[in-house]
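Participant: Pasting a structure here, questions to come.
Chains as they are written, first to last, in the numbering used here: chain A, 1 to 93; chain B, 94 to 403.
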């Protein structure tokens, strides 16, 4: 069973087309194993991306060095998955 | 397993078996209104079920609604269950829904990607694609929303089987997609097609693969505006609307681009809530509010279909 311990979901805000292209570059880097939940699209819609723990540093450095703003949408995905599982079990009983 | 549609817990997420059992209970409780149709089998051999809500006849003008084509978007399957119950509860009581069903059939596919859905419950909660094996690759699955024969293989879809937006080897390669394609073509009288995803809070219409405006752009925009207004009236959930490519991003091989090109004018796709705080892990206490507000938008689109036949 795949777990998501340490996975974060980052929300990326692009300011211009150049930023969009940078984020698309990121998407091409298969070794980072990023899971784009939304985007990369235009400037009006932020991009949300799930980042495995092992890729967190690389992604954050890439964004910061490119001057692209981001925030942490979900701090630890597995915590949410565990909560959901607990809630389902409770409801079923 | 649920014992009846009245005691079923609509405010919780459920497994595939529980949802399929719910469908049987709903049909048993409403035999004159609801029937279950199998339109095919998934890659792993699971049945693909569609609920048909009909008051009479065959191949009447119809509305199609599907939920759960991206398996991890759990609030969509949960909303689909709620919609099914809402339809049977409203028929004969709500004059508007009653008149819709007196003129049109409704088809509802609650679990459009059952293999993926089962996988989200057992192995990987974040699974989005189908579960088909890709020849020559260790990576599994195809994005069923990039597998339709509309701009297939263009920008906004990946040729890499390891990508979450892998388009597949050819259009309709996925049984889950092909089953719908065959059904839509053989039915021949579907007037409205609504495919429901989450999240992002959007109501979108064609196109996604091209910047060319759909010929019915203005009408679709007006319908979307009215539907979003109806949706927002309940909990003030803020939605954006527009064509896929201008509102979110370019995506080729998408569902409603194909349906629109087939002549189904009223083709829409939803991205249900969560305001982006939980992604695909929307807390279960938001299932019913999500379904309730979405229902208002669905009603707006269905009423428009009833009142503007073509």
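C-beta atoms are modelled at their ideal positions from N, C-alpha and C, and glycine is treated no differently.
As the structure is a prediction and not an experimental result, all values here were calculated from the model.
Between A:92, A:43 and A:84, which has its C-alpha nearest residue 339 of chain B's C-alpha?
Facilitator: Your numbering for residue 339 of chain B matches position 246 in the second chain. The shortest C-alpha separation from residue 339 of chain B is found at A:43.
Participant: Answer yes if the stretch 153 to 169 of chain B comes into contact with the stretch 202 to 213 of chain B, meaning at least three C-beta pairs across the two stretches below 8 Å, and no otherwise.
Facilitator: Taking 8 Å as the limit for Cβ pairs, the verdict is that the stretch 153 to 169 of chain B does touch the stretch 202 to 213 of chain B.
Participant: Please name the residue in B:324, B:242, B:292 and B:175 whose C-alpha comes closest to that of residue 372 of chain B.
Facilitator: Taking the second chain and counting its residues from 1, the one referred to as residue 372 of chain B is at position 279. Cα-wise, what sits closest to residue 372 of chain B is B:292.
Participant: Find the residues of chain A that neighbour residue 293 of chain B, judging by a C-beta separation of less than 8 Å, and give them in chain order.
Facilitator: Sequence index remark: in the second chain, residue 293 of chain B carries index 200 (1-based). Going along chain A in sequence order, the residues near residue 293 of chain B (Cβ under 8 Å) are 38 and 45.
Participant: Going by beta carbon distance, what residues of the same chain come within less than 7 Å of residue 388 of chain B, once the five residues before and after it are set aside?
Facilitator: Counting from 1 along the second chain, the entry for residue 388 of chain B is found at position 295. Closer than 7 Å at Cβ, skipping near neighbours: 176 and 179.
Participant: Spell out the partners DSSP gives residue 291 of chain B in its beta bridges.
Facilitator: Here residue 291 of chain B is taken as the residue at index 198 of the second chain, counted from 1. DSSP output for residue 291 of chain B lists B:365 as bridge partner(s).
Participant: Name the residues in the stretch 253 to 273 of chain B whose C-beta lies less than 9 Å from a C-beta of chain A; which are they?
Facilitator: Within the stretch 253 to 273 of chain B, the qualifying residues are 253, 255, 256, 257 and 258.
Participant: Taking only the alpha-carbon atoms, compute the straight-line gap between residue 2 of chain A and residue 236 of chain B and give it to the nearest angstrom.
Facilitator: Taking the first chain and counting its residues from 1, one reaches residue 2 of chain A at position 2. Taking the second chain and counting its residues from 1, one reaches residue 236 of chain B at position 143. Distance between the alpha carbons of residue 2 of chain A and residue 236 of chain B: 19 Å.
Participant: Quickly, what does DSSP pair residue 334 of chain B with across the bridge? List them, please.
Facilitator: Position 241 of the second chain, counted from the start, is the residue given in the question as residue 334 of chain B. Beta-bridge pairing links residue 334 of chain B to B:296.
Participant: By the 10 Å Cβ neighbour count, where 16 or more other Cβ atoms means buried, how is residue 299 of chain B classified, buried or exposed?
Facilitator: Sequence index remark: in the second chain, residue 299 of chain B carries index 206 (1-based). Flag for residue 299 of chain B reads buried.
Participant: Quick check on the DSSP output: the alpha helix (DSSP H) that includes residue 44 of chain A runs from which residue to which?
Facilitator: Within the first chain, numbered from 1, the residue matching residue 44 of chain A stands at position 44. Unbroken run through residue 44 of chain A: none, as it is neither H nor E.
Participant: Of the residues that make up the stretch 229 to 249 of chain B, which ones have a beta carbon closer than 8 Å to any beta carbon in chain A?
Facilitator: Answer set for the stretch 229 to 249 of chain B: empty.
Participant: Is residue 75 of chain A close to chain B? Criterion is C-beta to C-beta, closer than 8 Å.
Facilitator: As a working note, residue 75 of chain A is residue 75 in the first chain. Chain B contact via Cβ: absent.
Participant: Span of the alpha helix (DSSP H) holding residue 102 of chain A?
Facilitator: As shown, chain A starts at 1 and ends at 93. That puts residue 102 of chain A outside it, with no answer to give.
Participant: Relative to the C-alpha of residue 85 of chain A, which candidate in B:311, B:105 and B:249 has its C-alpha closest?
Facilitator: In the first chain, residue 85 of chain A corresponds to position 85, counting from 1. Nearest option by C-alpha distance: B:105.
Participant: With distances taken between CB atoms, is the gap from residue 250 of chain B to residue 268 of chain B smaller than 8 Å?
Facilitator: Within the second chain, residue 250 of chain B is the residue found at index 157, counting from 1. Within the second chain, residue 268 of chain B is the residue found at index 175, counting from 1. No, the Cβ-Cβ distance between residue 250 of chain B and residue 268 of chain B is not below 8 Å.
Participant: Just verifying my parser: in three-state terms, what is the DSSP assignment at residue 133 of chain B?
Facilitator: Translated into the one-based positions of the second chain, residue 133 of chain B becomes position 40. The answer is strand: DSSP assigns residue 133 of chain B an E or B state.
Participant: Can you tell me the Cα-Cα spacing of residue 67 of chain A and residue 38 of chain A, whole angstroms?
Facilitator: Residue mapping note: residue 67 of chain A aligns to position 67 of the first chain, counting from 1. Residue mapping note: residue 38 of chain A aligns to position 38 of the first chain, counting from 1. Roughly 20 Å separates the two Cα atoms.
Participant: Quick one: list the residues of chain B neighbouring residue 51 of chain A, beta-carbon separation under 8 Å, in chain order.
Facilitator: For the purposes of this step, residue 51 of chain A is taken as the residue at position 51 of the first chain. What residue 51 of chain A touches in chain B: nothing, since even the nearest Cβ is about 12 Å away.
Participant: On the three-state DSSP scale, how would you describe residue 182 of chain B?
Facilitator: Residue 182 of chain B sits at position 89 when you count from the first residue of the second chain. Three-state DSSP puts residue 182 of chain B in a helix.
Participant: Identify the contact partners of residue 1 of chain A in chain B, using a Cβ-Cβ distance below 8 Å as the criterion.
Facilitator: Position 1 of the first chain, counted from the start, is the residue given in the question as residue 1 of chain A. The answer, in chain order, is 215, 216 and 217.
Participant: Just to confirm, is the Cβ distance from residue 263 of chain B to residue 316 of chain B under 8 Å?
Facilitator: Here the question's residue 263 of chain B lines up with position 170 in the second chain. Here the question's residue 316 of chain B lines up with position 223 in the second chain. The answer is no: Cβ separation not under 8 Å.
Participant: For the beta strand (DSSP E) that residue 142 of chain B lies in, which residues bound it at each end?
Facilitator: Counted from its first residue, the second chain places residue 142 of chain B at position 49. Element bounds for residue 142 of chain B: 140 to 146.
Participant: Rounding to the nearest angstrom, what Cα-Cα distance links residue 59 of chain A and residue 75 of chain A in this structure?
Facilitator: Counting from 1 along the first chain, the entry for residue 59 of chain A is found at position 59. Counting from 1 along the first chain, the entry for residue 75 of chain A is found at position 75. Between residue 59 of chain A and residue 75 of chain A, the C-alpha separation is close to 15 Å.
Participant: Beta-carbon of residue 377 of chain B versus every beta-carbon of chain A: anything under 8 Å?
Facilitator: Reading the second chain from its first residue, position 284 is the one you call residue 377 of chain B. Cβ-Cβ to chain A under 8 Å: yes for residue 377 of chain B.
Participant: Label residue 184 of chain B either buried or exposed according to how many other C-beta atoms from any shown protein chain fall within 10 Å of its C-beta, with 16 as the threshold for buried.
Facilitator: To locate residue 184 of chain B, count along the second chain from 1; it is residue 91. Answer is buried; the Cβ neighbour count reaches 16.
Participant: Could you pull the DSSP bridge partners for residue 10 of chain A from this structure?
Facilitator: Residue numbering aside, residue 10 of chain A sits at position 10 when the first chain is read from its first letter. Paired residue(s): A:49 and A:72.
Participant: Alpha carbon to alpha carbon, how far is residue 81 of chain A from residue 209 of chain B?
Facilitator: Stepping through the first chain from its first residue, residue 81 of chain A is reached at position 81. Stepping through the second chain from its first residue, residue 209 of chain B is reached at position 116. Rounded to whole angstroms, residue 81 of chain A to residue 209 of chain B spans 17 Å at the Cα level.
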